[in-house]
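Novice: Quick one: this structure, given as structure tokens, is what I'll be asking you about.
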Amino acid sequence: MARLAVSEIREGRADILIKGAVDSGAYLKAVVNRDTGIAVSRVLSNISIAELPGFGRLIGATDNGILPAPTCEQKRAIIQNSAALWRGLGVVNPKVALVAATEKVTPAMPATIDAATLVRQGANGFLLAGPMGYDMAISPRAAAIKGAAADGVSGCADMLVFPNIEAANAVVKSWKFHANAQTGSIVLGGRVPILLNSRSDGAQARLNGLLLAIAMLRGQQ
304 MARLAVSEIR
314 EGRADILIKG
324 AVDSGAYLKA
334 VVNRDTGIAV
344 SRVLSNISIA
354 ELPGFGRLIG
364 ATDNGILPAP
374 TCEQKRAIIQ
384 NSAALWRGLG
394 VVNPKVALVA
404 ATEKVTPAMP
414 ATIDAATLVR
424 QGANGFLLAG
434 PMGYDMAISP
444 RAAAIKGAAA
454 DGVSGCADML
464 VFPNIEAANA
474 VVKSWKFHAN
484 AQTGSIVLGG
494 RVPILLNSRS
504 DGAQARLNGL
514 LLAIAMLRGQ
524 Q
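Every letter in the sequence shown is one number past the one before it in this note's numbering, and letter 2, counting from 1, is 305.
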């Protein structure tokens, strides 16, 4: 069934790929098949977008569903994969925080080295900053207390790139279950939006994912 759905995309008869009652591994295998798949990026990545009560803006967290421990180059691809989605959401030059446990670059924490490398190299259409803690990324108060540089990202990040899937997944679930956030998730890096719903997702979360897919289609135009 997954191969059939992907073939519908390839033939131009569908615009969004949505996972149903099929195995996730088989679903993604059909997507990335070199001969018959629909992957256009060298890396598929998952992002969740959340609307937290009282926060005032949408915020994204990645990768919370596919890449266990992304390399520096994979993190670059994760960022670039999200370009069409952010355009579709009306966000110009998305502010990206490369999250780590500390703002200090140290060999003991590879995520800090990755962050410094990515910031130095930059990413077209994005504003990058890091390494920085989660608090510094989202809280203007924390950024001020920590003496954040005027990087345009600290305290007001649109997207948080986490060092591993455990951190990203835990944060997104804490938004949902402790902050009553509305969330939606989407897989990026394909020819079209790809939805890979969690078993715990309710109807609203699934609808939110579909809305993100529509936004991404708009951003691809």
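The C-beta atom is built at its ideal place from N, Cα and C for all residues, glycine as well.
Just so you know, these numbers come straight off a predicted model, no measurement behind them.
(1) How big is the Cα-Cα spacing for GLY493 and ALA506?
(2) Decide if the stretch 445-465 is in contact with the stretch 393-407; the criterion is three or more beta carbon pairs, one per stretch, under 8 Å apart.
(3) With distances taken Cα to Cα, identify the nearest neighbour of LYS449 among ALA473, ALA353, ILE321, LYS407.
(4) Can you tell which of PRO371, PHE465, THR409, ALA440 has its C-alpha closest to the C-alpha of ALA364?
(5) Are the beta-carbon atoms belonging to ALA471 and ASP326 less than 7 Å from one another?
(6) How would you call MET304, buried or exposed, if buried means at least 16 neighbouring beta carbons within 10 angstroms?
(7) Assuming LEU401 contacts LEU361 under a Cβ cut-off of 8 Å, what Cβ separation, rounded to an integer in Å, is found between them?
(8) By alpha-carbon positions, which one of ARG423, VAL474, ILE341, ASP438 ends up nearest to CYS375?
(9) Should SER351 be labelled buried (16 or more other beta-carbon atoms within 10 Å of its own) or exposed?
Specialist: The structure says:
(1) For the purposes of this step, residue 493 is taken as the residue at position 190 of the sequence shown. For the purposes of this step, residue 506 is taken as the residue at position 203 of the sequence shown. Each residue's alpha carbon lies about 24 Å from the other.
(2) yes
(3) Your numbering for residue 449 matches position 146 in the sequence shown. It is LYS407.
(4) Within the sequence shown, numbered from 1, the residue matching residue 364 stands at position 61. Among PRO371, PHE465, THR409, ALA440, the Cα nearest to that of ALA364 belongs to PHE465.
(5) In the sequence shown, counting from the first residue as 1, residue 471 sits at position 168. In the sequence shown, counting from the first residue as 1, residue 326 sits at position 23. No. Outside cutoff.
(6) If you number the sequence shown from 1, residue 304 lands on position 1. Answer is exposed; the Cβ neighbour count stays below 16.
(7) Against the sequence shown, residue 401 aligns to sequence position 98. Against the sequence shown, residue 361 aligns to sequence position 58. With a Cβ gap of about 19 Å, LEU401 and LEU361 do not count as contacting.
(8) Sequence index remark: in the sequence shown, residue 375 carries index 72 (1-based). With distances taken between Cα atoms, CYS375 lies closest to ARG423.
(9) Residue mapping note: residue 351 aligns to position 48 of the sequence shown, counting from 1. Under this definition SER351 is a buried residue.
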